[in-house]
Structures are given as C-alpha cells and as structure tokens.
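Contents: one structure, followed by commentary.
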Amino acid sequence: MTEFLETTQGRKIAYSRIPGEGPGIVFLGGFKSDMQGTKAIWLEDWARRQGRPYLRFDYSGHGESSCRFEDGCIGDWLIDARSAIAALTEGPQVLVGSSMGGWIGLLLARDMPERVAGLITIAAAPDFTEQGFWPELSEEQRETIMREGQLALPSEYGDPYVITRKLIEDGRNHLVMSRPLDLPFPTRFLQGTADNDVPLEWASALLAHATGTDMRLTLVKGADHRFSTDECMELIGASVAEVLARI
1 MTEFLETTQG RKIAYSRIPG EGPGIVFLGG FKSDMQGTKA IWLEDWARRQ
51 GRPYLRFDYS GHGESSCRFE DGCIGDWLID ARSAIAALTE GPQVLVGSSM
101 GGWIGLLLAR DMPERVAGLI TIAAAPDFTE QGFWPELSEE QRETIMREGQ
151 LALPSEYGDP YVITRKLIED GRNHLVMSRP LDLPFPTRFL QGTADNDVPL
201 EWASALLAHA TGTDMRLTLV KGADHRFSTD ECMELIGASV AEVLARI
C-alpha cells in the first residue's frame with residue numbers, strides 16, 4: 001500500500017515499506033523511474049522472503065510523489081532520499097541504487113555514513129549530468145538550456161527527457177568522481193556490457209576512484225541498462241545477500 005511522507009521542504013514523498021528483522025534494504029530508483037519498476041518490486045518480494053525490512057519510494061516529481069519532474073534536481077532528490085531513510089527506517093541500511101540511484105547512493109554514503117551498512121549499484125550513473133548529458137549536447141543545445149532554462153531530448157523509455165539549467169548546475173554541486181569517495185562497507189557494482197546509457201568505462205572508473213576494503217565490480221555480458229532479465233534479478237538478490245552476510 002502506498003503511503004506518503006511530508007518532508008520539511010513541504011514535498012509529499014510516496015513510499016511503500018515492509019517490516020522485517022535485521023538491517024533493512026532501501027531501493028533508490030533511476031532518473032524518471034518510479035517505485036513500481038520491475039527491479040523495485042522484485043526486490044521487495046525477495047526481501048519479504050528473507051524476512052528483511054524493505055523501503056521503496058518515489059523522489060519528488062517522480063511516480064506518485066508531489067511536484068513537477070522539471071522542477072527537480074539531484075540535490076532535491078538526495079534530500080528526498082535522506083528524509084525517507086531518516087524517517088522510515090531504523091539503523092544502518094543496505095542501499096540498492098539503480099542508474100541515477102547509484103549516484104544518490106554514493107552521495108548518501110558521503111552525507112550520512114552512519115546509516116549505510118552496504119551498497120549495491122546497478123548500472124550506476126554518478127555525475128551523469130556532467131559526464132553524460134552536458135558533453136553530448138551541441139553548442140546550440142547548451143545555449144538553449146542556458147537561455148531558456150530547459151531542453152527536451154528524445155528518450156527510448158517514453159516521454160522526452162527535459163534537461164533543465166537547474167539540473168545541470170545543481171549536478172555540479174554534487175559530483176562524486178572529482179573528490180575523494182570512501183566506501184567503508186561491503187560494496188558491489190553491477191554493470192551490463194550492452195548498456196547504451198552508462199558506458200562500461202564509467203563502472204571501471206568508479207571502481208578505480210572509490211576507496212574501500214570490500215569492493216567488487218561484476219560485469220554481465222549482454223545485459224542492457226534495464227538489467228531486468230531473470231538472470232540479472234537473481235544476481236541483484238545474490239549481491240544483496242552477500243552484502244548482508246558480510247556486515
């Protein structure tokens with residue numbers, strides 16, 4: 001059942017959670033995705049079978065939460081995630097971040113390390129506004145964003161991506177690849193070799209950049225950005241189980 005959390009910023013965050021024992025699991029969705037996605041639902045079923053607490057939620061401007069997507073940015077969605085974890089979970093959590101959710105997870109590890117017991121990323125896209133969107137835009141498109149405040153780009157996942165000046169400029173305030181990134185807990189990076197949205201080089205660069213004593217990168221040959229085949233789902237579950245066992 002969907003419930004709502006009102007943050008101190010006045011945003012209403014839609015969420016669903018199940019009870020359980022031991023460290024909980026929090027799913028962090030991707031850019032323009034929501035908590036009804038395949039991976040979020042599959043992982044909830046997995047957590048229920050394991051008797052683990054589990055939380056999934058929609059960032060503001062996503063899914064059933066309040067606000068317009070175009071008005072949001074990485075900093076807003078980070079605050080939403082931080083608020084949800086603080087209000088709706090107890091103790092350190094295992095974060096599972098998909099795509100942009102991987103970036104959010106890395107920021108949470110930096111901002112509230114006492115609440116992070118482990119991290120699994122799926123096609124993590126850290127700093128994607130700066131190392132993905134911005135370099136791929138033409139000079140004309142960049143000028144349009146800076147002058148008009150936004151630009152609509154086609155997306156194979158549905159409605160066009162609206163890239164805003166706020167998103168780009170705020171993203172520069174939340175970069176993780178240009179400053180030290182310590183992950184002092186079990187960390188697993190999962191990446192498909194056929195991902196057309198997050199280059200394989202990003203995963204390798206993240207592994208090389210971050211510091212930690214229990215960190216692994218697993219590549220799945222032929223897996224795309226959705227990372228939602230039965231085999232990929234089982235790998236996600238196995239990775240969460242491994243992290244939980246090593247806490």
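For what it's worth, full-length UniProt numbering labels the leading residue of the sequence shown as 1, then goes sequentially.
Using N, Cα and C, we set each Cβ at its ideal position, and we do this for glycine too.
Fair warning: this is a prediction, and the values are worked out from it, not measured in the lab.
Here T164 is buried: its Cβ has 16 or more other Cβ atoms, across all protein chains shown, within 10 Å. Within a 10 Å sphere around the beta-carbon of A124 sit 16 or more other beta-carbons, which makes this residue buried. Nearest in C-alpha terms to G192, of all of G22, S99, R11, D170, is S99.
By the Cβ rule, the region 131-148 does not count as touching the region 51-62, because fewer than three pairs are nearer than 8 Å.
Considered as a whole, the region 180-244 harbours 187-192, 215-220 as its complete beta strand (DSSP E) runs of no fewer than 3 residues, in chain order. Scanning its chain for C-beta atoms nearer than 7 Å, with the 5 sequence neighbours on each side dropped, one finds around L107 the residues L78, H174, V176, in chain order. One alpha carbon belongs to D197, the other to H209, and they sit about 20 Å apart.
Taking the Cα positions, K166 is about 28 Å away from L88.
Sorting G63, E201, P126, P199 by C-alpha distance to the C-alpha of R179 places P126 at the top. With respect to the C-alpha of T218, the residue from V243, E201, L190 having the closest C-alpha is L190. In the DSSP assignment, S83 falls within the alpha helix (DSSP H) that extends over 74-88. As computed with DSSP, R172 is found in no beta bridge at all. Distance from the CA of V162 to the CA of Q36, rounded to the nearest whole angstrom, comes to 21 Å. DSSP lists T164 as the bridge partner or partners of Q150. The beta-carbon separation of D195 and D224, rounded to 6 Å, stays under the 8 Å limit for a contact.
G51 is not a Cβ neighbour of A40, given a cutoff of 9 Å.
Excluding five sequence positions before and after V243, the CB atoms of its chain that fall closer than 7 Å to its own CB belong to V94, G118, I120, P186, R188, given in chain order. Between Q9 and D76, the CB-CB gap stays under 9 Å. In this chain, the beta strand (DSSP E) harbouring L95 covers 93-98. Under the three-state reduction of DSSP output, K12 falls in the strand class.
Between I122 and G101, the gap from beta carbon to beta carbon is short of 9 Å.
The residues T164, R165, in chain order, have a CB closer than 7 Å to that of G149 in the same chain once the five nearest residues on each side in sequence are set aside.
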